[in-house]
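Order-wise, the sequence lines are chains C, F, Y, B, Z, H, G and X.
Residue 88 in numbering that gives the first Met the number 0 sits at position 89 of the first sequence, and the numbers go up by one each step.
Residue 16 in numbering that gives the first Met the number 0 sits at position 17 of the second sequence, and the numbers go up by one each step.
Residue 105 in numbering that gives the first Met the number 0 sits at position 106 of the third sequence, and the numbers go up by one each step.
Residue 137 in numbering that gives the first Met the number 0 sits at position 138 of the fourth sequence, and the numbers go up by one each step.
Residue 97 in numbering that gives the first Met the number 0 sits at position 98 of the fifth sequence, and the numbers go up by one each step.
Residue 149 in numbering that gives the first Met the number 0 sits at position 150 of the sixth sequence, and the numbers go up by one each step.
Residue 112 in numbering that gives the first Met the number 0 sits at position 113 of the seventh sequence, and the numbers go up by one each step.
Residue 89 in numbering that gives the first Met the number 0 sits at position 90 of the eighth sequence, and the numbers go up by one each step.
Just so it is clear, CB atoms sit at the ideal spot from N, CA and C, and this is done for glycine as well.
8 protein chains.
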Amino acid sequence: MQNAIVGILMGSDSDLPVMRKCSEILKNFGIPYEMKVLSAHRTPDETIKYTEDAKNNGIEVLIAAAGGAAHLPGVIAAKTTLPVIGVPMPSSLMNGLDSLLSIVQMPKGIPVATVGVGNAENAALLAIRILALKYPDIQTKLESFIEEQRKKVLSIKIEE
Amino acid sequence: MQNAIVGILMGSDSDLPVMRKCSEILKNFGIPYEMKVLSAHRTPDETIKYTEDAKNNGIEVLIAAAGGAAHLPGVIAAKTTLPVIGVPMPSSLMNGLDSLLSIVQMPKGIPVATVGVGNAENAALLAIRILALKYPDIQTKLESFIEEQRKKVLSIKIEE
Amino acid sequence: MQNAIVGILMGSDSDLPVMRKCSEILKNFGIPYEMKVLSAHRTPDETIKYTEDAKNNGIEVLIAAAGGAAHLPGVIAAKTTLPVIGVPMPSSLMNGLDSLLSIVQMPKGIPVATVGVGNAENAALLAIRILALKYPDIQTKLESFIEEQRKKVLSIKIEE
Amino acid sequence: MQNAIVGILMGSDSDLPVMRKCSEILKNFGIPYEMKVLSAHRTPDETIKYTEDAKNNGIEVLIAAAGGAAHLPGVIAAKTTLPVIGVPMPSSLMNGLDSLLSIVQMPKGIPVATVGVGNAENAALLAIRILALKYPDIQTKLESFIEEQRKKVLSIKIEE
Amino acid sequence: MQNAIVGILMGSDSDLPVMRKCSEILKNFGIPYEMKVLSAHRTPDETIKYTEDAKNNGIEVLIAAAGGAAHLPGVIAAKTTLPVIGVPMPSSLMNGLDSLLSIVQMPKGIPVATVGVGNAENAALLAIRILALKYPDIQTKLESFIEEQRKKVLSIKIEE
Amino acid sequence: MQNAIVGILMGSDSDLPVMRKCSEILKNFGIPYEMKVLSAHRTPDETIKYTEDAKNNGIEVLIAAAGGAAHLPGVIAAKTTLPVIGVPMPSSLMNGLDSLLSIVQMPKGIPVATVGVGNAENAALLAIRILALKYPDIQTKLESFIEEQRKKVLSIKIEE
Amino acid sequence: MQNAIVGILMGSDSDLPVMRKCSEILKNFGIPYEMKVLSAHRTPDETIKYTEDAKNNGIEVLIAAAGGAAHLPGVIAAKTTLPVIGVPMPSSLMNGLDSLLSIVQMPKGIPVATVGVGNAENAALLAIRILALKYPDIQTKLESFIEEQRKKVLSIKIEE
Amino acid sequence: MQNAIVGILMGSDSDLPVMRKCSEILKNFGIPYEMKVLSAHRTPDETIKYTEDAKNNGIEVLIAAAGGAAHLPGVIAAKTTLPVIGVPMPSSLMNGLDSLLSIVQMPKGIPVATVGVGNAENAALLAIRILALKYPDIQTKLESFIEEQRKKVLSIKIEE
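Structure, rendered in structure tokens:
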């Protein structure tokens, strides 16, 4: 695999089944990525180190999954100028509404691009829309993806 | 002004005072933008036309503000491959939580990068992080902005 | 079947089990209908085309199911003068409260007649109340339906 | 004024400022209506009597405003086969979300067509979409209304 | 059984498993009651008739269970001067918070004594506290019940 | 004044303006009451002492107002067999929904009869419905109150 | 076992499976504790007695679990000057958000240190952070615990 | 002033008016403290540095105020073994419920002792209860404070 241009972080490997849906889309688009477990609270130093180095290591977009207090995307966004996409994880208290609010409500100055709860696919596709501005082959694949998606819906026939 | 590379849409001019905070940041960064009132419900045809043409007209990022049912960012995202940033507007029912949920919860396949309710500044700064991947001068300005922001916090002294 | 006078739309065939409860009531009342999968986001052009043509094709009431961001009923209502009934689908985040708010909170000027979350039966019965204003045989059947419903409740005996 | 074909009810005259926005739209469309204060809880007998007689008195659509426990639209819908439109009133507890849920969540069998909280305009416009199925002149006026609305949005120019 | 002094109503026999917990407590206290399925929406006339006659038939407290729009307790309270206890039923949308708000938020003038969602036991025990003011033997049984309850908690031993 | 038969408690005199609406209704009905500031948290011993003595002192119904954590009604209900009516106070966090839930959700065994947020009038009227079971003159006054209330609604005329 | 320095209370033994996670951490740290079922509502006198004596009996931190109306931590905090940690239990109505609000929203003057819903581990670890201020060996164990936790996260490898 | 033993942090000086209520109570108790503006997002490095050094600098309890995404208390708790008290700030979206959830819902392993929204007084009093375990004079003052508080409530007389 080439050097990763997308970094996917999550605070616990319990988030992995959801985030595999993110990495699979990147893989289908042929976009090199790396995926790591790093916690804002249990491994704060390593999380900060990874983020500080990300840009120099060739990363162009960061994707971070988090649930509950959900600090990871914001902690990362504070330590990089790269676009950071936050994926709120479903939670037992509020099905992820709490995670969503902890991620999307960043103070003015430090944005996190937030997608729907558990919607790891859209995190990948948002990274792809961003990268497509720079990489024409990603743009081409994105257009095919949308066309296939359209055809899939139109092919559904409801039987009486 | 050069050709706009950021398009800012809103469904009603009542959103303008909030969205001016978005355009001001772009202006401070020297990023050419255009700002329009177009409604997903009251001018659906014109909204679709604008979006279909955006990429060919040189737009690289779209920002859309909406409140309540808040369909505008999603309607736009369905008609372009550009990154779309959604800004939920405060609302009388739920202070904008309803707007946020209508925007962030896009179905799989069509992402909208969502920021906090009324946080038009972060919509601009997210667009800037995206554009900084391509434009080195925007990257430089972004780094200065973050440094100034840091200094501003550190300069606050609490008097007893 | 005669030409449909009720059009039932949904964004995904995962909504079909719920919406069958809508079409079954229409069938029981002998009201011709058609049911289609069309997505506001994945097939925007086909959705708009269907809606623009609905009135000329003899449709008198449109029923649209949607969940999450739930844009379909509003997108349709923006492209027709027919009464549009929105059916919010249950969702994983808020059991459908989010879908309800995305549907019912249309801006002034473009109403969507909203029923309870997942209450596809009431969407059918609301269409029937509307059509009963014009079609005396539907009015007669509606009165019988309500009388039967009354008798069903009264027939329940609680055993000690 | 001709015999009313739309009946507008509200439980308290504190709802009148909101519901005037409903009656004004009907007046602008030249649709005869009547507006009354009748409470599901404080005048239950008179409310039921009014509703039982509504159809025979020429009413074709009923609009009911209610807040808090918000029983009025449902109580009416239980005593008529006419389409009933419910307008949730803003409330001090939840800004009207409580009113909305009390109105929209009718049990299967007795629908209430619900609009957004305080959106009395859309209640009128929904009644108009329903009546337009039967009355061609109302249909004509509805099309003009939508066209004017479109033009109004397009006329907005944002000044730099 | 003697003439009932407590009337228990519910809109659907799906509420019966919950409400049996109410009637069982009354039975244990030796308080005569009757339990009926009557719907505010599907059998409005019979519901009103039952309530109008309740006092003359010897009923002293009415208990009504309802879910969703949950109009039954309020509709009853509007037609009697007896104390009415409302039991919000769990619901699919909000686990019964919606039912609770539809019941507890009665307008000024017509109170419904509301207990917790699905807490049919407490509805019985509240009726018992009310009746104990008049019937000394119920007071005696209530005191025993509370003492037994106390002993039950104190008897629990946590093993290491 | 005769010996009080209704005791009204509140945790802070900031609740007094709301609870005066409760005591005024009792006064209008000629029902002797007493009103005290006692806090479950700041004066736990005095609160318990008052409640333990209430029945022997001739109190028949207790009304307790509380906001936020809102423990007062429940703490009282645990120390008496009298019916306890809880009045949730409006709060800054959730307008009183939090207070409502802290009051209404008592564990099985210890009921609190809960009314709407800030609805001190209905607390008085619920006490009155309870006392009317025992005191025929209160019953007579209650019937007059309801009739007056009815007439007041019917006297409202909407002017065009 | 030495004299307990942490007292763990819960209102019902249904809370025991959750609270065992609290006592297990204390056991692992070698901190003597005692665990009791005491209800604020069903055994108010015994609860107060236990709390009044706690300090003299050598208790230094109290932990109380409660759900729904969730009065236990607040009732205890009103009767001691020891730090009280509240653990909101999951509930059927709101998954524990109601419990959390009933616990955390104590009036000014009587604090309860609140942890996340069902997060009995963090209640133990908060007690440990408090006790570590006084007991150097607990401080040493706390530092080891955090280091182990860090290593555990870093040891996770995501396989492709 | 002696060396501070309580550190009070906030992300913005807009939190100062609320947090002054915290520092005033500490001052009244004669407890040395320091108060600083440090942002988890705008000054991440300085925030971490301060926290890493806190214990060695003599700090025994940390209090952190934060609103919205509200990461500050959690970010601090990840970098110290001292007890950390979180004060959720009122917010425009949800009056601080969002802040509360972002603070209280820390993952297992890293607790934050959370108080009510905006309840800076209770943050101080919780710090005081913790410090009173070690410092007998603080314990004495705490007992006086509680006694004064009791007397203040009992001195309130309600006039008719």
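Quick one: is residue i buried, meaning 16 or more other Cβ sit within 10 Å of its Cβ, or exposed?
i: residue 154 of chain B; result: exposed
i: residue 118 of chain Z; result: buried
i: residue 139 of chain H; result: exposed
i: residue 104 of chain Z; result: buried
i: residue 156 of chain B; result: exposed
i: residue 55 of chain G; result: exposed
i: residue 22 of chain G; result: buried
i: residue 135 of chain G; result: exposed
i: residue 150 of chain X; result: exposed
i: residue 59 of chain G; result: buried
i: residue 85 of chain G; result: buried
Within its chain, find whatever has a CB closer than 6 Å to the CB of residue i; leave out the 5 residues flanking it on each side and keep chain order.
i: residue 121 of chain G; result: 114
i: residue 17 of chain B; result: 117 and 119
i: residue 14 of chain Z; result: 64 and 88
i: residue 47 of chain C; result: 78
i: residue 152 of chain H; result: none
i: residue 33 of chain X; result: 3 and 6
In this structure, does DSSP put residue i in helix, strand or coil?
i: residue 3 of chain Z; result: coil
For residue i, report the span of its alpha helix (DSSP H) as first-last.
i: residue 151 of chain C; result: 135 to 153
Which residues in the same chain as residue i place their Cβ atom closer than 8 Å to its Cβ, once the five residues preceding and following it in sequence are excluded?
i: residue 92 of chain G; result: 67
i: residue 12 of chain G; result: 36
i: residue 30 of chain H; result: 4, 5, 126, 127, 130 and 137
i: residue 1 of chain G; result: 31
i: residue 49 of chain G; result: 6, 8, 35 and 37
i: residue 94 of chain H; result: 116
i: residue 109 of chain G; result: 73, 76 and 77
i: residue 51 of chain C; result: 78 and 79
Give me, in chain order, the residues of the same chain whose beta-carbon lies closer than 7 Å to that of residue i; leave out the 5 immediate sequence neighbours on both sides.
i: residue 90 of chain Y; result: 66, 67, 97 and 98
i: residue 28 of chain G; result: 127, 137 and 140
i: residue 24 of chain H; result: 120, 123 and 124
i: residue 20 of chain F; result: 119 and 120
Runs of beta strand (DSSP E) wholly within the segment 5 to 88 of chain X (minimum 3 residues, chain order): Runs found: 5 to 9, 32 to 36, 60 to 65 and 83 to 87.
Jot down the residue ranges of each uninterrupted beta strand (DSSP E) in the segment 82 to 132 of chain B, minimum 3 residues, whole runs only, in chain order. If only uninterrupted beta strand (DSSP E) runs of at least 3 residues are considered, those enclosed by the segment 82 to 132 of chain B are 83 to 87.
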